[in-house]
Amino acid sequence: MIIEETKDYLVFYKEAGLDSEKDAPKDCLPIHRLDKVASGLLLYGKNKEAAAALSKQLTEKKIKKRYHIVVPKGEEGKALPEEGCFQDYLYKDNKKQKCFPVKSLRKGVKEAILRYKILEENGEWMLLDVELETGRFHQIRAQFAGRGFPLYGDGKYGSRQKGTVGLHCYQLSFLDLKTGEERQYEIKNPEGEPWSIFESAMEPKSSTESKRATEPKSSVDRHENSVDKPEE
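Now the structure itself:
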């Protein structure tokens, strides 16, 4: 679904199950990607020049993305703090198309950083707001699963819950190529589970406001249960 289109860029809503590249709007160049199991906002360039400029913004971390995710409450003594920062080294297993936390940097390993805040709890599930500081393959899924909090419905990373994966990119912002002003877009969570578990409708605050949501601040959580090689 097209959210906004100009001669230079297109903001698009991808439903879960669609591929960011294969199912991209015609004649559009993807600036970033979104996991096939996820839903949310995507940015595309409408021409090579615009795509190059937007890709540069991505490299310079001027494109911001925020997510809503659904994870289980931790067992007694293993609960997540109300807000925090995860910092890990992730190894991508190309054969399994999966990421694993490891202890140190080496070939094939990249640093991954995210910040989160718990928004709501209901029964055994929690709704979180997540902002990425780095954009790694399966980053959110791998970092939360590595701490014992696999996303709802994410069987690839250990969830036993069936259903749609609880991963939704609800906010996207970048700098306008003409004016340099921040463009921000938000979209509400999809209908149905796991989003219907929570009372909060999480309606978007605006479509193009430049004011961003407050960032959670806390100490960094470095993963303590990482391994030197991927688990079998």
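Residues 1 to 232 (the UniProt record's numbering) make up the sequence shown, in order.
From the three backbone atoms N, C-alpha and C, an ideal C-beta is built for every residue, glycine too.
(message) One question on the structure: do glycine 166 and proline 194 come within less than 7 Å of each other, judged by their Cβ atoms?
(response) Yes. Within cutoff.
(request) Using the Cα positions of glutamate 209 and aspartate 93, report the straight-line distance between them to the nearest angstrom. (result) Low confidence applies to glutamate 209: its pLDDT is 40, below 50, so where it sits in the model is not reliable enough to give any reading.
(request) Below 8 Å on the Cβ atoms is my guess for proline 25 versus leucine 10; work out the distance and round it to an integer in Å. (result) About 6 Å separates the two Cβ atoms, so the contact holds.
(request) Report yes if the CB atom of leucine 172 is closer than 7 Å to the CB atom of lysine 61, and no otherwise. (result) The answer is no: Cβ separation not under 7 Å.
(request) State the start and end residues of the unbroken beta strand (DSSP E) segment that holds glutamine 161. (result) The continuous stretches of beta strand (DSSP E) do not include glutamine 161, and DSSP gives it neither H nor E.
(request) Select from Lys110, Val130, Ile69 the residue whose C-alpha is nearest the C-alpha of leucine 151. (result) With distances taken between Cα atoms, leucine 151 lies closest to Ile69.
(request) Could you name the residues that DSSP lists as bridge partners for glycine 45? (result) BP columns for glycine 45 point to Tyr9, Leu29.
(message) Going by C-alpha to C-alpha distance, which of Glu131, Lys98, Asn47 sits closest to glycine 84?
(response) Restricting attention to Glu131, Lys98, Asn47, the CA atom closest to the CA of glycine 84 is found in Glu131.
(message) I'd like to confirm the pairing. Which residues does DSSP put opposite leucine 114 in its beta bridges?
(response) Within the DSSP bridge table, the entry for leucine 114 names Phe86, Leu132 as partners.
(request) Pull up the distance between the alpha-carbon of arginine 106 and that of tyrosine 185, whole angstroms please. (result) So the two alpha carbons sit approximately 37 Å from each other.
(message) Between Gly40, Pro72, Gln87, which has its C-alpha nearest asparagine 122's C-alpha?
(response) Comparing Cα-Cα distances from asparagine 122 to each of Gly40, Pro72, Gln87, the minimum goes to Pro72.
(message) My output table needs one value for lysine 56: the three-state DSSP class, helix, strand or coil.
(response) It is helical.
(request) Evaluate glutamine 161 with the Cβ neighbour count: other Cβ atoms within 10 Å of its Cβ, from every protein chain shown; 16 or more gives buried, anything less gives exposed. (result) Answer is buried; the Cβ neighbour count reaches 16.
(message) Just to check my reading of the structure: aspartate 8 and alanine 38 have Cβ atoms closer than 8 Å, yes? What is that Cβ distance to the nearest angstrom?
(response) Cβ atoms of aspartate 8 and alanine 38 stay farther apart than 8 Å, at about 25 Å.
(message) Measuring only the C-alpha atoms, how far is arginine 183 from leucine 80?
(response) If you draw a straight line from the Cα of arginine 183 to the Cα of leucine 80, it is about 32 Å long.
(request) Grab me the residues of glutamine 97's own chain with a C-beta within less than 6 Å of its C-beta, minus the 5 sequence neighbours each way, in chain order. (result) The answer is none, since no qualifying residue turns up.
(request) Note down the Cα distance separating serine 196 from tyrosine 170, rounded to an integer number of angstroms. (result) When rounded, the distance between both Cα atoms is 15 Å.
(message) Please state whether the Cβ-Cβ distance between glutamine 87 and isoleucine 113 is less than 7 Å.
(response) Yes, the pair counts as a contact, with Cβ atoms nearer than the cut-off.
(request) Work out the CA separation of glutamine 139 and aspartate 19 for me, nearest whole Å. (result) Cα to Cα, aspartate 19 sits roughly 17 Å from glutamine 139.
(request) Name the two residues that bound the continuous alpha helix (DSSP H) containing isoleucine 69. (result) For isoleucine 69, no alpha helix (DSSP H) segment is defined; the enclosing uninterrupted segment is the beta strand (DSSP E) at 64 to 72.
(message) Suppose the cutoff is 6 Å on Cβ atoms and the five residues either side in sequence are ignored; what does the same chain contact list for glutamate 4 look like?
(response) Closer than 6 Å at the Cβ level, and outside the excluded window around glutamate 4, lie Val11.
(message) My output table needs one value for serine 39: the three-state DSSP class, helix, strand or coil.
(response) In the displayed model, serine 39 falls within a strand according to three-state DSSP.
(message) Which of the three DSSP states is assigned to glutamine 143 in this structure?
(response) The answer is helix: DSSP assigns glutamine 143 an H, G or I state.
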